[in-house]
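In the working numbering, the protein residues as written are 11 to 885.
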C-alpha cells in the first residue's frame with residue numbers, strides 16, 4: 011500500500027494563538043516570581059518574553075497572508091531582544107522601496123492584510139506600537155526625528171523579506187551622521203534629566219528614565235553604535251572605551267536595575283517604571299527584605315537602588331565624554347598646562363597622568379580645588395572621572411586623617427566661589443562620602459516625612475546651594491533680604507559647613523540636631539577651626555529647626571516669645587546666621603513647602619529679635635501708638651477724614667493692634683468705618699501684599715460657629731488658609747482676617763486673584779448669613795503619599811505661661827476639609843479662637859491655635875474636646 015501524504019497542518023486560529031500566548035506569558039511570569047530575585051533571573055525573563063512574542067508575531071504574520079516583499083521588524087527596546095513584562099511591543103512593517111508600484115487591487119489587498127495583522131495582534135492581547143513604512147520613508151523620518159532614528163537603530167529582523175530588511179539596514183547606516191546623532195541624544199538626555207530634577211535621588215524615581223536609570227545605559231550603546239564603536243559592553247571594551255573593571259560594574263548595576271524593573275512590572279500588574287511609595291514595600295519584600303527596628307524593608311531596597319543609580323550616572327558620564335572625544339576628535343586637541351598635576355583640554359580638567367592619584371592621593375581633593383579656582387574648565391574629563399572612579403579605595407581612614415587633605419578641604423570651603431559645583435562633583439564621584447565618612451552614611455537615605463522630596467544627601471547639597479546663592483548678586487531677586495544680610499557677612503564658609511552637617515545625623519534614631527552638633531564639633535576640631543567659629547557652627551546645627559518652629563507656631567506679637575528667642579541666639583551674628591540657614595533649609599526641602607507667608611513670618615521674627623538684641627525692651631504701648639500713627643497717615647493718603655478710624659478703634663483690644671501691621675490696620679478702618687454697628691456680615695478681600703493669594707477681612711456679629719462657617723466656605727471654594735487672626739471687639743463683633751491661596755492658581759500671577767475678589771466677597775457673605783446646623787465635613791481623599799507614609803494624628807493642649815489662654819497643637823496628614831472639621835469641634839464646645847497658624851509641610855500639617863473658653867477650665871470637657879479633635883483629624 012502506498013504511503014498516504016499527510017495533510018498540511020491547519021494554521022492556528024486567533025483564539026488558539028491568544029490562549030497559547032497568555033498561557034506562555036503567565037508561565038514565564040510565574041516562574042520568575044517563584045525564583046530567587048537575581049539579575050540572571052531577570053535577564054532570562056526579558057529574553058524569554060521577547061522570544062515568546064517573536065514566535066507569536068511570526069505565526070500571526072504567516073496567518074495574515076502578508077505580501078512577499080514586506081518584512082516584520084522588532085524596533086526600540088523590543089528590537090534589543092528584551093521585553094519587560096508589561097512593556098509595549100514596538101514593530102515596524104517594512105514595505106519595499108516606493109519605486110515598486112503595485113496595481114490597485116494588489117495595493118488594496120496588501121493594505122487589508124496589514125490591517126488584519128495589526129488587528130489580530132491586539133485581539134490576542136499584544137499591546138503593540140506599530141508603524142508601516144517603506145525603506146525611503148524610514149530614512150527620511152529618521153533624519154527628521156531622532157526618536158525614530160533611535161528606534162530604527164535597534165531594529166531586529168523577525169520574518170518576511172530578508173532582502174528588504176538588508177536594504178533597509180544599509181540605507182539606515184549610510185544616512186547616519188554620528189556627530190549629529192550624538193548631539194541630539196545628548197540634548198535629549200539633558201531634557202530628560204531636567205524633567206526628573208537632575209538627580210538619581212528622587213524619593214519616587216523612575217528606574218528607566220531618571221538620571222542613573224536604564225535609559226542612561228541604553229543611550230551609551232546607541233551613540234556608540236551610531237559611531238561604529240560597538241554594540242555592547244564587550245565591544246566597547248575592545249575599542250578601549252571602557253576598562254574590564256568598568257564592564258563588571260556596568261553589568262552588575264544594569265542587572266540590578268533590570269531586576270527591579272521586572273519585579274516592579276510583575277507586582278504592579280501593569281507597565282509601571284516608577285518606584286512609587288505604594289509599591290516600594292511590596293518590591294522590597296519580593297527581594298526578601300524585612301522591616302527591622304529603625305529601618306524599613308523599602309529603605310533597604312531604595313538604598314540599593316540609589317547606589318546602583320549613582321554608579322550608572324558616573325559611568326554614563328565617563329563613557330559619554332569618551333565617545334564625544336572620539337566622535338568630535340577632541341582627544342587630539344592641544345592641552346593647556348594648569349600645573350604639574352592638571353591640564354585643560356577642550357574645556358575639561360584633565361589629569362596629567364592616569365596614575366596620578368595612585369602616586370599622589372593628595373591630588374584627589376586638589377582636583378576639585380583646581381576645578382574651583384581655575385578659569386576655563388567646565389567639568390572633569392572622562393580620563394579624570396575614570397581616574398577618580400578607580401581611586402575610591404585609596405580614600406581610607408589615613409586619607410581622611412591626613413593634615414594636607416584636611417587643609418585642602420577647608421580651602422575648597424573657603425574659596426570666594428564655586429562651592430555648589432565643587433561639592434556636587436565631589437558627591438557624584440563618591441569623593442565627598444569617602445572623605446566625610448559621616449556624609450557617606452546618608453547617601454541615598456530616604457526621608458519619610460511627606461515634605462522632603464529628596465534623599466538626605468541631595469537635600470543637604472540643595473541647602474548648600476541655597477546658602478551659596480545668598481552671596482551671588484545674580485540671585486538677589488530670589489532672596490532680597492537674605493542677599494542684603496549676606497553682603498555684610500564676613501565668613502560664608504561657616505554657613506557652608508553648617509549646611510553640610512545640619513541633617514547629617516538623620517536616620518540614626520534620636521535627635522538628629524544634637525547628634526549632628528556632635529559630628530560638626532569633631533569636624534571643627536579635626537580641621538583646626540577657631541573656637542568662636544566652631545561654636546557658631548555647632549550652634550547652627552543644633553538649633554537649625556528652632557527659628558522655623560517659633561515663626562510658624564508661636565505668637566510673634568507676644569513680647570515673651572521674642573525675649574526668650576533673643577536669649578537663645580544671644581547676639582546679632584548668631585541670629586543672622588540662623589536666619590540665613592533656616593531660609594535655605596526650608597527652601598531645600600521641596601518646591602511646594604516654601605511660600606511668601608513663611609518668608610514673612612521668618613523675617614518678622616528676625617526683625618523683632620534684632621530689636622530686642624539691640625537693647626530695646628519691648629514696649630507694647632509705644633509700638634502700638636507708632637502703628638496707629640502710621641495707619642492714620644495711610645488713611646490720610648486715601649483721603650479719609652481725620653477721626654474716621656475712631657469708632658472702630660474704640661472697640662478693639664490691644665491684642666488687635668499688636669498682631670496687625672499699620673497697612674492692615676488702615677485697610678480694616680477704611681473698609682469698616684461705615685459698618686461699625688452693622689447687623690449683616692461684611693466681607694472685603696484684596697490681593698495679598700506678599701505677592702500671592704488674597705487677604706480676606708470678615709466683620710460680623712460674633713457667634714460660636716462663625717469661624718467654622720468661614721472655614722467651610724474656603725474649603726468648598728478650593729482655598730487653603732495660610733494664616734488666621736481672630737478678634738472679638740468690645741461691642742461683640744468678630745473681626746477676622748485670613749491669608750488664603752488657591753492651589754489651582756499656583757502658576758498664575760496675582761491678577762488672577764484680583765478677578766476672584768468680587769466672587770469671594772459675595773459668596774462668603776452669603777455663607778455667613780446662612781443659619782441652621784453646620785454641614786458635616788467631607789472626609790477628603792488622602793493622597794497616595796499620605797497612604798504610604800501615614801502620619802499619626804496628635805493633639806496637644808496646654809495653657810500658656812499666664813494660664814489665661816491655651817495653645818492647641820494639631821499634627822496630621824493634610825486633606826481637604828481638615829480645618830473645617832477642627833473648627834466644628836471648637837464651635838460645638840463654644841471655644842473661642844484668637845489666633846491660627848496653619849503650617850503645611852508638603853502633605854503634613856502642623857497647625858497651632860491660640861484659644862480660650864470656659865470649657866477649657868474643666869478636665870472632663872478638655873478630654874472630650876481632645877478626643878473629638880482626634881476623631882476629626884484622623885484619616
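Each residue gets a CB set at the ideal place from its N, CA and C atoms; glycine is no exception.
Starting from the C-beta of residue 723, find all residues in its chain whose C-beta is less than 6 Å away, skip the five residues before and the five after it, and write them out in chain order.
Stepping through the chain shown from its first residue, residue 723 is reached at position 713. Cβ within range, chain order: 774, 777.
Helix, strand or coil at residue 663 according to DSSP, with G and I counted as helix
For the purposes of this step, residue 663 is taken as residue 653 along the chain shown, with counting starting at 1. Three-state result, residue 663: coil.
Local Cβ density within 10 Å of residue 580, reported as buried at 16 or more and exposed below that:
Along the chain shown, read from residue 1 onward, the residue named residue 580 stands at position 570. Counting Cβ neighbours within 10 Å, residue 580 comes out exposed, since fewer than 16 surround it.
In this structure, how does DSSP classify residue 415 when only helix, strand and coil are distinguished?
Taking the first residue of the chain shown as position 1, residue 415 is located at position 405. In this structure, residue 415 counts as helix in the three-state DSSP scheme.
As assigned by DSSP and simplified to three states, the class of residue 623:
Along the chain shown, read from residue 1 onward, the residue named residue 623 stands at position 613. The answer is helix: DSSP assigns residue 623 an H, G or I state.
Check the C-beta distance from residue 393 over to residue 364 and give it rounded, since I have them as a contact under 8 Å.
The residue labelled residue 393 in the question sits at position 383 within the chain shown. The residue labelled residue 364 in the question sits at position 354 within the chain shown. Correct: roughly 7 Å between the Cβ atoms.
Ordered along the chain, which non-local residues of its own chain (more than five positions away) have a Cβ less than 7 Å from that of residue 27?
Taking the chain shown and counting its residues from 1, one reaches residue 27 at position 17. These residues qualify, in order along the chain: 66, 69, 70, 134.
Could you tell me if residue 498 is buried or exposed, where buried requires 16 or more neighbouring beta carbons within 10 angstroms of its beta carbon?
One-based indexing of the chain shown puts residue 498 at position 488. Answer is exposed; the Cβ neighbour count stays below 16.
Smallest Cα separation from residue 312: which of 883, 583, 466?
Position 302 of the chain shown holds residue 312. The option with the nearest alpha carbon to residue 312 is 466.
Under the three-state reduction of DSSP, which class applies to residue 534: helix, strand or coil?
On the chain shown, position 524 is the one that residue 534 refers to. In this structure, residue 534 counts as helix in the three-state DSSP scheme.
Which same chain residues end up closer than 7 Å to residue 552 when comparing Cβ atoms and leaving out the 5 residues on each side of it in sequence?
Counting from one through the chain shown, the residue named residue 552 turns up at place 542. Correct list, in chain order: 523, 524, 527.
To which residues of the same chain is residue 659 closer than 8 Å at the C-beta, ignoring the five residues directly before and after it?
Residue mapping note: residue 659 aligns to position 649 of the chain shown, counting from 1. Cβ neighbours of residue 659 beyond the five flanking positions: 638, 679.
Residue 302 - partner residues in DSSP beta bridges
One-based indexing of the chain shown puts residue 302 at position 292. 305.
Report the rounded CA-to-CA distance for residue 633 versus residue 652, giving the unit in angstroms.
Here residue 633 refers to the residue found at position 623 of the chain shown. Here residue 652 refers to the residue found at position 642 of the chain shown. The alpha-carbon atoms of residue 633 and residue 652 are separated by roughly 21 Å.
Rounded to whole angstroms, what is the Cα-Cα separation between residue 519 and residue 538?
In the chain shown, the residue the question calls residue 519 occupies position 509. In the chain shown, the residue the question calls residue 538 occupies position 528. If I take the Cα positions, the gap works out to 29 Å.
What residue does the beta strand (DSSP E) around residue 499 start on, and which one ends it?
Sequence index remark: in the chain shown, residue 499 carries index 489 (1-based). Residue 499 -> no beta strand (DSSP E), and no H or E assigned at all.
What does a CB cutoff of less than 6 Å around residue 586 pick up in its chain, not counting 5 residues either side in sequence?
What you label residue 586 is simply residue 576 of the chain shown in a count that begins at 1. Excluding residues within five positions, the ones whose Cβ falls inside 6 Å are 495.
6 Å Cβ shell around residue 432 - same chain, five flanking residues per side excluded
Taking the first residue of the chain shown as 1, we reach residue 432 at position 422. So the list reads 378, 382, 422, once near-sequence residues are dropped.
Note the first and the last residue of the continuous alpha helix (DSSP H) segment covering residue 556.
By 1-based counting over the chain shown, the position of residue 556 is 546. Start and end: 556-563.
Per-residue DSSP class, three states only, for residue 513:
Locating residue 513 in the chain shown gives position 503, counting from the first residue. If DSSP states are grouped into helix, strand and coil, residue 513 belongs with coil.
Considering only C-alpha positions, which residue in the set 173, 171, 185, 661 is nearest to residue 2?
The structure shown does not extend to residue 2, since the chain is modelled only from 11 to 885, so the question has no answer here.
Looking only at its own chain, which residues have a Cβ that is under 6 Å from the Cβ of residue 236, when we skip the five neighbours before and after it?
On the chain shown, residue 236 is found 226 positions in, with the first residue counted as 1. Same-chain partners within the cutoff: 186, 188, 191.
What does a CB cutoff of less than 8 Å around residue 1 pick up in its chain, not counting 5 residues either side in sequence?
This structure leaves residue 1 out entirely; the chain is present only between 11 and 885.
My understanding is that residue 593 touches residue 492, with C-beta atoms under 8 Å, so please give their C-beta distance in whole angstroms.
Translated into positions along the chain shown, residue 593 becomes position 583. Translated into positions along the chain shown, residue 492 becomes position 482. About 6 Å separates the two Cβ atoms, so the contact holds.
Residue 343 versus 881, 726, 76, 356, residue with shortest Cα-Cα distance:
Working through the chain shown from its first residue, we reach residue 343 at position 333. The option with the nearest alpha carbon to residue 343 is 356.
Grab me the residues of residue 668's own chain with a C-beta within less than 7 Å of its C-beta, minus the 5 sequence neighbours each way, in chain order.
In the chain shown, residue 668 corresponds to position 658, counting from 1. 567, 630, 634, listed in sequence order.
Reference residue 141; option with closest CA among 193, 80, 412, 176:
Indexing the chain shown from 1 puts residue 141 at position 131. Cα-wise, what sits closest to residue 141 is 80.
Residue of 202, 336, 360, 340 minimising C-alpha distance to residue 347
Within the chain shown, numbered from 1, the residue matching residue 347 stands at position 337. With distances taken between Cα atoms, residue 347 lies closest to 360.
Around the Cβ of residue 408, are there at least 16 other Cβ atoms within 10 angstroms (buried) or fewer (exposed)?
In the chain shown, residue 408 corresponds to position 398, counting from 1. Classification for residue 408: exposed.
Can you check DSSP and say which residues form a bridge with residue 293?
Against the chain shown, residue 293 aligns to sequence position 283. BP columns for residue 293 are empty, so no partner.
Nearest-angstrom Cα distance between residue 372 and residue 138?
In the chain shown, counting from the first residue as 1, residue 372 sits at position 362. In the chain shown, counting from the first residue as 1, residue 138 sits at position 128. For residue 372 and residue 138, the distance between alpha carbons rounds to 56 Å.
Excluding the 5 residues flanking residue 109 on each side, which residues of the same chain have their C-beta closer than 6 Å to its C-beta?
Locating residue 109 in the chain shown gives position 99, counting from the first residue. With a pLDDT of 48 at residue 109, under the threshold of 50, the modelled position of this residue cannot be trusted; read the value that follows with caution. So no residue of the chain qualifies.
Could you say which of 221, 146, 60 lies nearest to residue 325 if we only look at CA atoms?
Residue numbering aside, residue 325 sits at position 315 when the chain shown is read from its first letter. It is 221.
Tell me the rounded alpha-carbon separation between residue 389 and residue 322.
Position 379 of the chain shown, counting from 1, holds the residue named residue 389. Position 312 of the chain shown, counting from 1, holds the residue named residue 322. Roughly 18 Å separates the two Cα atoms.
Which ranges does the beta strand (DSSP E) cover as unbroken runs of at least 3 residues, wholly within the stretch 137-175, from first to last along the chain?
138-144, 166-170
Taking residue 595 and residue 554 to be in contact with their CB atoms under 8 Å, please state how far apart those CB atoms are, rounded to whole angstroms.
By 1-based counting over the chain shown, the position of residue 595 is 585. By 1-based counting over the chain shown, the position of residue 554 is 544. Going by Cβ atoms, the distance from residue 595 to residue 554 rounds to 6 Å, so yes, they are a contact pair.
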